[in-house]
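Only one structure is covered here, and it is reproduced in the block below.
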Amino acid sequence: MSSALYPTRLPCGNRVLDLSRTHVMGILNITPDSFSDGGRFNQRELGLQHARAMVEAGATLIDVGGESTRPGAPPVGVQEELDRVLPAVEAISRELDVIISVDTSTPEVITESARLGAGLINDVRSLRRDGALAAAAATGLPVCLMHMRGEPGNMQRDPHYDDLVGEVSAFLRERMQACEAVGIPAERILLDPGFGFAKTHAHNLSLFKHMAELFALGRPLLVGVSRKSMVGLALGKPVNERLYGSLGLAALAMHKGARILRVHDVPETVDLVRMIEAVESAE
Ligand code: 7PM
Numbered sequence: 003m004s005s006a007l008y009p010t011r012l013p014c015g016n017r018v019l020d021l022s023r024t025h026v027m028g029i030l031n032i033t034p035d036s037f038s039d040g041g042r043f044n045q046r047e048l049g050l051q052h053a054r055a056m057v058e059a060g061a062t063l064i065d066v067g068g069e070s071t072r073p074g075a076p077p078v079g080v081q082e083e084l085d086r087v088l089p090a091v092e093a094i095s096r097e098l099d100v101i102i103s104v105d106t107s108t109p110e111v112i113t114e115s116a117r118l119g120a121g122l123i124n125d126v127r128s129l130r131r132d133g134a135l136a137a138a139a140a141t142g143l144p145v146c147l148m149h150m151r152g153e154p155g156n157m158q159r160d161p162h163y164d165d166l167v168g169e170v171s172a173f174l175r176e177r178m179q180a181c182e183a184v185g186i187p188a189e190r191i192l193l194d195p196g197f198g199f200a201k202t203h204a205h206n207l208s209l210f211k212h213m214a215e216l217f218a219l220g221r222p223l224l225v226g227v228s229r230k231s232m233v234g235l236a237l238g239k240p241v242n243e244r245l246y247g248s249l250g251l252a253a254l255a256m257h258k259g260a261r262i263l264r265v266h267d268v269p270e271t272v273d274l275v276r277m278i279e280a281v282e283s284a285e
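Positions 3 to 285 (the numbering used here) are the ones given, in order, by the sequence shown.
And the structure:
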């Protein structure tokens, strides 16, 4: 399962990601509503502090996001997203030894983040927005393509699949081809099943169980399940009580061969990864 079929050295701007190992990607959400008194300077300091703590705890990537993908959330304007994301990218790039991933679908954010030191484009819309493919191609950076149907605003409206894994796989293959057509080669692509995006609870569980089938696409997988409804519904727990369930899924994703775990709880997940690595590297 974990003997990779792909090259293990992934250049991400001025850093290299070693895909022979499992990495923890820490989530950094930059939204004005996350702190009540949020002046921009204060926001920036808090964001940098949080990023620094995650890097010190062992995150090798920080995923910076300025647009809420929450179902029904109001869309964020381009300028507002730029104002949220770019200062964080700039500060993290200057201060910390980490690969910066930008969680965005917006061409202007892709272009400017790359200029300020981002190393990876993470787009829940798989570069389907106008201009996003060209913008990503021009950066020369790797991209993470994630499965989703529709838009965050309508994706949970009665999702249906005849062949869940087959349809997720076909979608990702089509997006890989769209990338290759604009000059983003397969070697620069990461894939993500998109847990919680246009999927029922049963879909999420089944897709997780059969995740390894997606390795037929020949690219490393990134998995984001941290604190998601998949955990909440299985355990009957609110978002602040989903740590242990999330860690269980992280261990299982790693066992199935996922290479990047996108999480909120970095120290706990890094311990988990290191523990599994200790066993798997034993004689
Ligand atoms: C509300 C709903 C808030 C959903 C936040 C979310 C992923 C991602 C997100 C993922 C990749 C969350 C999500 N999820 N990028 N961005 N994979 N590649 O729970 O699963 O963090 S946002």
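Even glycine gets a Cβ: it sits at the ideal position worked out from N, Cα and C.
Predicted model, so just to flag it, every value in this text is computed and none were measured.
CA-to-CA distance, residue j to residue i, given in whole angstroms
i	j	result
Gly15	Leu122	8 angstroms
Ser36	Leu48	Below a pLDDT of 50, predicted positions are generally treated as unreliable, and Ser36, at 49, falls in that range; the measurement from the model is reported next regardless. Spanning the two alpha carbons is a distance of roughly 11 angstroms.
Val18	Leu223	17 angstroms
Met178	Ile191	7 angstroms
Phe43	Gly28	22 angstroms
Arg1	Phe173	No information on residue 1 is available, as it lies outside the stretch 3 to 285 that the chain covers here.
Glu279	Ala253	11 angstroms
Ala93	His162	42 angstroms
Asp267	Thr33	18 angstroms
Arg276	Leu166	32 angstroms
Val265	Leu245	10 angstroms
Val287	Lys258	Because the chain is modelled from 3 through 285, residue 287 falls outside the range shown and cannot be assessed.
Ala284	Thr108	44 angstroms
Leu129	Tyr8	22 angstroms
Leu50	Ala90	7 angstroms
Arg86	Pro144	22 angstroms
Arg11	Ala255	21 angstroms
Met56	Arg96	16 angstroms
Leu118	Ala183	26 angstroms
Pro269	Val233	19 angstroms
Met3	Glu82	Any reading at Met3 needs caution, since the residue's pLDDT is 45, under 50, leaving its predicted position unreliable; the model's value is listed next. Going by the C-alpha atoms only, they are around 42 angstroms apart.
Arg151	Arg159	10 angstroms
Phe210	Val78	30 angstroms
Ser38	Asn31	Residue placement at Ser38 is poorly supported in this model, since its pLDDT is 45, which falls under 50; the coordinates are not used for a value here.
Asp65	Asp164	33 angstroms
Gly60	Leu21	16 angstroms
Val281	Ser231	30 angstroms
Cys146	Ile186	11 angstroms
Thr271	Leu235	21 angstroms
Nearest candidate by alpha-carbon position, reference residue i, set the options
i	options	result
Met157	Arg177, Asn31, Val126	Val126
Ala136	Val111, Leu254, Leu12, Asp160	Val111
Val2	Lys239, Met148, Leu263	Residue coverage of the chain in this structure runs from 3 to 285, which leaves residue 2 outside it and unanswerable.
Ala120	Pro13, Met277, Val170	Pro13
Thr106	Pro269, Ala134, Arg117, Glu97	Ala134
Gly67	Phe43, Ser115, Leu254, Tyr246	Ser115
Ser248	Thr113, Arg151, Val227, Gly185	Val227
Leu80	Arg131, Leu216, His266	The amino acid occupying residue 80 in the given sequence is Val; Leu does not appear at that position. That would be Arg131, whose Cα lies nearest to the Cα of Val80.
Ala138	Glu92, Glu282, Val104, Leu166	Val104
Pro195	Leu207, Glu189, Val100	Leu207
Ile148	Gly198, Ala140, Arg159, Pro269	Looking at the sequence provided, one finds Met at residue 148 rather than Ile. Checked all of Gly198, Ala140, Arg159, Pro269; the closest Cα to Met148 is Gly198.
Leu193	Lys201, Glu182, Phe217	Phe217
Ala188	Gly168, Ser171, Gly220, Ala214	Gly220
Leu63	Leu84, Arg159, Leu98	Leu98
His212	Asn242, Arg175, Glu243, Ser171	Ser171
Ala260	Ala214, Ala200, Lys239, Ala204	Ala214
Gly168	His205, Pro154, Leu88, Leu274	His205
Gly142	Ala53, Cys181, Leu88, Lys239	Cys181
Pro76	Glu153, Val100, Asn124	Glu153
Start and end residues, beta strand (DSSP E) containing residue i
i	result
Asp125	122-125
Val145	145-148
Arg17	17-20
Leu30	25-31
Leu118	Taken as a continuous stretch (DSSP letters only), Leu118 belongs to no beta strand (DSSP E), as it is neither H nor E.
Leu12	11-14
Bounding residues of the alpha helix (DSSP H) (the contiguous stretch that carries residue i)
i	result
Asn156	No alpha helix (DSSP H) holds Asn156; DSSP gives it neither H nor E.
Asp85	80-97
Asp346	The structure shown has nothing for residue 346, since the chain only spans 3 to 285.
Ser107	Segment: none, Ser107 is in no alpha helix (DSSP H) and carries neither H nor E.
Heavy atom of the ligand HEM within 7 angstroms of residue i beta-carbon
i	result
Gly185	The ligand HEM is not part of this structure, which contains only the ligand 7PM.
Neighbour flag for residue i against chain B, beta carbons, 8 angstroms
i	result
Val91	Although the question refers to chain B, the structure presented lacks it and comprises just one protein chain.
Taking only runs of the alpha helix (DSSP H) that begin and end inside the region 173-215, which ones reach a length of at least 4 residues, in chain order? If you keep only unbroken alpha helix (DSSP H) runs of at least 4 residues inside the region 173-215, you get 203-211.
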